[in-house]
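Chemist:
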Amino acid sequence: MQQSSVRSLVDVVIPVHSLSRPLGRAVDSARLGVQPLSVGEYVITVVAHHLSTEQVRGMLTQEQLDHVRIIEAPAEGATAAAPRTAGLEHTNAKYICFLDSDDSYQPGAVGRWVKIAEKRHSDMVIPWLKHSNGRTDITPVIRPGRTSNLDPIADRLVYRASVFGLQRVETVRRLGAEFDFGTSTGEDQAFVMRLYAGAARIDYAPGEPTYVMHADATDRVSQTPSPVRAQLEPSVRILDKPWFEGAALELRRAFVVKVVRINVFEAVSAHLKAGTWSQDEAQGTREALSRLLDSVPGARGDFSKADLHVIDLLLSETQEEGQLKAGLAARRRFANPAALLTAKPAHALGRDAPLRFMAAAAVQTARDRIAKRHGGN
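Residues 857 to 1233 (the working numbering) are what the sequence shown spells out, left to right.
1. For R1016 and P996, which I take to be in contact (beta-carbon distance under 8 Å), what is that distance rounded to the nearest angstrom?
2. With distance defined between alpha-carbon atoms, name the residue in L921, H923 and S908 nearest to A929.
3. Please classify M857 as buried or exposed, where buried requires at least 16 neighbouring CB atoms within 10 angstroms.
4. In three-state terms, what does DSSP make of P1193?
5. Are the beta-carbon atoms belonging to A863 and K950 less than 9 Å from one another?
6. May I have the straight-line CA-CA distance separating L1169 from P892, to the nearest angstrom?
7. Using the three-state DSSP reduction, which class does Q891 fall into: helix, strand or coil?
8. Please say whether P963 and G896 have beta carbons closer to each other than 9 Å?
9. Going by other Cβ atoms of all chains shown within 10 Å of its Cβ, with 16 needed for buried, is R1225 buried or exposed?
10. Flag this pair as touching only if the region 1094-1103 and the region 1123-1140 have three or more C-beta atom pairs under 8 Å; answer yes or no.
11. Quick check on the DSSP output: the beta strand (DSSP E) that includes H987 runs from which residue to which?
12. Go ahead and pull the three-state DSSP assignment for R1109.
13. What ranges does the beta strand (DSSP E) occupy inside the region 1052-1106, keeping only unbroken runs of at least 3 residues that lie completely in it?
14. Let me make sure I understand the geometry here. Which of A886, L985, V868 and G1063 has the alpha-carbon closest to that of T1003?
15. Which of the three DSSP states is assigned to I926 in this structure?
16. Using DSSP bridges, identify the partner residues of T992.
17. Hey, could you find the ends of the alpha helix (DSSP H) V903 is sitting in?
18. Counting along the chain, where does the beta strand (DSSP E) carrying P1153 start and finish?
19. Of the residues A1216, D1044 and D1163, which one's Cα is nearest the Cα of S1091?
20. Just how far apart, CA to CA, sit A1010 and R1093?
21. From R1085 to E1137, what distance separates their C-alpha atoms?
22. Looking at the unbroken alpha helix (DSSP H) that takes in D1163, where does it start and where does it end?
23. With distances taken Cα to Cα, identify the nearest neighbour of Y898 among A886, P1083 and V872.
24. With distances taken between CB atoms, is the gap from D993 to I1058 smaller than 9 Å?
25. Should L1171 be labelled buried (16 or more other beta-carbon atoms within 10 Å of its own) or exposed?
Rendered as structure tokens:
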């Protein structure tokens, strides 16, 4: 068990809830990921969730056990809310990182983020997210040329809703950022959005080394198919948070636009493709979509004409599957002006309107390719 008599710089928290998880790989990657930090500057905390300490010990070699501490989280819920909260409550480190037990860090990733945070006094460092097949996420679609002192609105941070990266513990506690225990998925959305709404300094770490998401887990909670209502619940619950109601109108609007454009449309598409779309799914979608759009004025202005057609279909009680499939396909045909232009010409070049968003995404993709070739900044 790793011990330190001084306050550590960073605590890497790894929740684990199943004996089938490749925990050893995660621990090994964390040990490499914290380089060049030395022993005492970092802690690796494995949080047992629905497992005992002894069961977790049995998943690791003695060498791995010598470099971690193991704590137990309350056996609450099926998400990582409880173990992540336990890790946060038990840490005395300056920064915290969360690593899923089926994911990994590239060598030096965490050490790089800590270096950025120490140099720039970051409250958050947002990294690349790379997939084990080599694909990288382009989100957040930030302004060209920016890597430091990001603006949550101008740099479209709401499109990165996951907690993977680095957070300053004092800021997390001061803002009261919490994981949502009341949802079956997406428990980190509220945590991340609270930081976007209140953090003073957010920086970006493009390129590698970085966080790697693997697809070999058979029980990954966030990949388990679920009703649209459940998928949207984490986002809808955020709308009633006092800190969200007090956040800048532009941030709230951007959040709603993102949730509709990404979460709603993708969830509906998945059900249509799987043949599981039903009246109950339609009703749940209609209720959540109405709640989202009614929560902030002007949200419809940033959607394309094709998006608005799908929204109107989803809000209707008489929509048909064929219409939805056609509408969802049409919004992805970008050679069609309806997929690019907003209903009101004055909104066509809005920050989150399709034309400007897609142009920024193209620049982001090109820049990320350059960053990948040069191994980060």
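Even for Gly, the Cβ is constructed at its ideal location relative to N, Cα and C.
Modeler: In terms of the structure at hand:
1. 4 Å
2. S908
3. Per-residue confidence for M857 stands at a pLDDT of 47, beneath the threshold of 50, marking its modelled position as unreliable; the derived number appears in the next sentence. That one is exposed.
4. helix
5. This sequence places Arg at residue 863; Ala is not what is there. Yes, the pair counts as a contact, with Cβ atoms nearer than the cut-off.
6. 54 Å
7. coil
8. no
9. exposed
10. no
11. L985 to H987
12. helix
13. 1058-1061 and 1067-1069
14. G1063
15. strand
16. K986
17. Taken as a continuous stretch (DSSP letters only), V903 belongs to no alpha helix (DSSP H), being part of the beta strand (DSSP E) at Y898 to A904.
18. First-last for P1153: undefined, no H or E at that position.
19. D1044
20. 24 Å
21. 7 Å
22. K1161 to L1171
23. A886
24. no
25. exposed
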